[in-house]
Amino acid sequence: MGIKDDVLIVEDSPAIGMLLKSYLEKLGFSQIHICNNGASAISTFNDLIEQKKLPIVFLDYMLPDMDARSILTQILTLQPNARVILETATEKDDEGIKELIRLGVYQYIEKPIRFESLKNIIDTLEKEESFFQKESEQITMLKNAEEKVLEKTHEQIDFILKSTHQISHNKITNILGYSTDAVTSYLQKLLQEGKIIEIGEKKEIACNQCDSVKTSQVFFCPNCKGSNFRSGKLIEHYDCGNITEEQSYQDDICPNCKKEIKALGVDYRIMKNHYICNDCKEFFPEISTEYICLKCENKFKLEDGRWKNSTCYKVVNM
Ligand SMILES: [Zn+2]
Ligand SMILES: [Zn+2]
Ligand SMILES: [Zn+2]
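Just remember that this note's numbering sits 321 ahead of the position in the sequence shown, which is counted from 1.
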């Protein structure tokens, strides 16, 4: 335990007040205030509350100037969480005591006051306090963890949006790996702030195995399946049938038959936009393509893909 709370004893008998004080000191309390009537008790309690203290109150059931119910009500009005322990010589099933318990007395202690029963009450009170303390610490921890997750989601969405001009809702959730209300409401917030705008629905190719639109298009040589190729211009020399890249005809000399090429369309032609494979040296007007799912690594052809629709956003001010 840390520093013990203040204690306020409201007791008109100096003997009982001093006894209680000595017991409490034994239990480790050092800030003990004694009042012998209701009016001074209320004003002392009020002073302590203003000093941000929450004293434990021992309240005598029988006081000369005010009845216990009136003092209790005033204390609870000042501080609803006040812990008031009623000192009583009367049985607990007395109607007056019962009413005070209903009104919010924390505990009662029988007179004559014995050290053991006081110790029990204080132990219970301290256990309860450390329990509530831990509980509220846990709630704070959970809240912090939740906020961190949200923050992380927002950062990731920001990062995705900053690296693109436009992107579909499906793509965002596929890249994140999850689709939650938090994602939707954050995008809604960005829309309201004018950082992104909606530009209608977008159709995207999706994996035919897992439905993800997080795909990548890969290109490869139709002959050797290699992906090491370049695009360029080819020249076909009609005389000898040689077809090689433009730059292999140095000074207009065919690299195969060593004759000069003379007139475009007469003895040679240029084949534009061809792909030349660096691995097998074959060339093609079209290169093969397929899609790879970046989620499940499934490979599929364009015609086998699924198509999915979702809202597309344009990034305007991120
Ligand atoms: Zn997939
Ligand atoms: Zn090849
Ligand atoms: Zn030739």
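We put the beta carbon where it would ideally sit given N, CA and C, even for glycine.
Note to self: Could you give the first and the last residue of the continuous alpha helix (DSSP H) run that contains K347?
What the structure shows: That run of the alpha helix (DSSP H) goes 335 to 347.
Per DSSP, what are the beta-bridge partners of D381 in this structure? As DSSP reads the structure, D381 sits in a beta bridge with E408.
Below 6 Å from a heavy atom of ligand 3 - residues by beta-carbon:
Taken from the N-terminal end onward, the list reads H558, D560, C561, N563, C575, N577, C578, K580.
| Where do the N-terminal and C-terminal ends of the beta strand (DSSP E) with S548 fall, by residue? | Segment: none, S548 is in no beta strand (DSSP E) and carries neither H nor E.
Check: Is DSSP giving M462 helix, strand or coil here?
Finding: Note: M462 maps to helix in three-state DSSP.
ask   = Do you know whose CA, among N630, T610, K629, lies nearest F621's CA?
value = Nearest of N630, T610, K629 to F621, Cα basis: T610.
Beta bridge counterpart(s) of N638 as assigned by DSSP: Its beta-bridge partners do not exist; DSSP assigns none.
At the level of alpha carbons, what is the spacing between E542 and S552?
The question names Glu, but residue 542 is Cys in the sequence shown. Taking the straight line joining both Cα atoms gives about 12 Å.
Beta-carbon within less than 8 Å of D386's beta-carbon, same chain only, minus the 5 sequence neighbours each way: which residues are those?
So the list reads N358, G359, A360, once near-sequence residues are dropped.
Next item on the list: Tell me, to the nearest whole angstrom, how far the beta carbon of I517 is from that of F550; I am working on the premise that it is less than 8 Å.
Entry: So it is not a contact: roughly 37 Å between Cβ atoms.
**OP:** Starting from the C-beta of H475, find all residues in its chain whose C-beta is less than 8 Å away, skip the five residues before and the five after it, and write them out in chain order.
**Re:** Closer than 8 Å at the Cβ level, and outside the excluded window around H475, lie Y507.
- Query: Three-state secondary structure (DSSP) at K440?
  - Reply: Of the three classes helix, strand and coil, the one that applies to K440 here is helix, per DSSP.
query: So, is G338 buried or exposed, given that buried needs 16 or more other C-beta atoms within 10 angstroms?
result: Counting Cβ neighbours within 10 Å, G338 comes out buried, since at least 16 surround it.
Practice problem: Measuring from each Cβ to the nearest heavy atom of ligand 4, keep the ones under 6 Å and list them in chain order. | Solution: Judged by which ligands are present, ligand 4 is missing from the structure shown, whose ligands are ligand 1, ligand 2 and ligand 3.
Ranges of the beta strand (DSSP E) found wholly within the region 554 to 626, counting only runs of at least 3: The region 554 to 626 contains these whole beta strand (DSSP E) runs: 563 to 566, 589 to 598, 609 to 614.
| field | Straight-line Cα distance separating I526 from F540 | value | Rounded to whole angstroms, F540 to I526 spans 16 Å at the Cα level.
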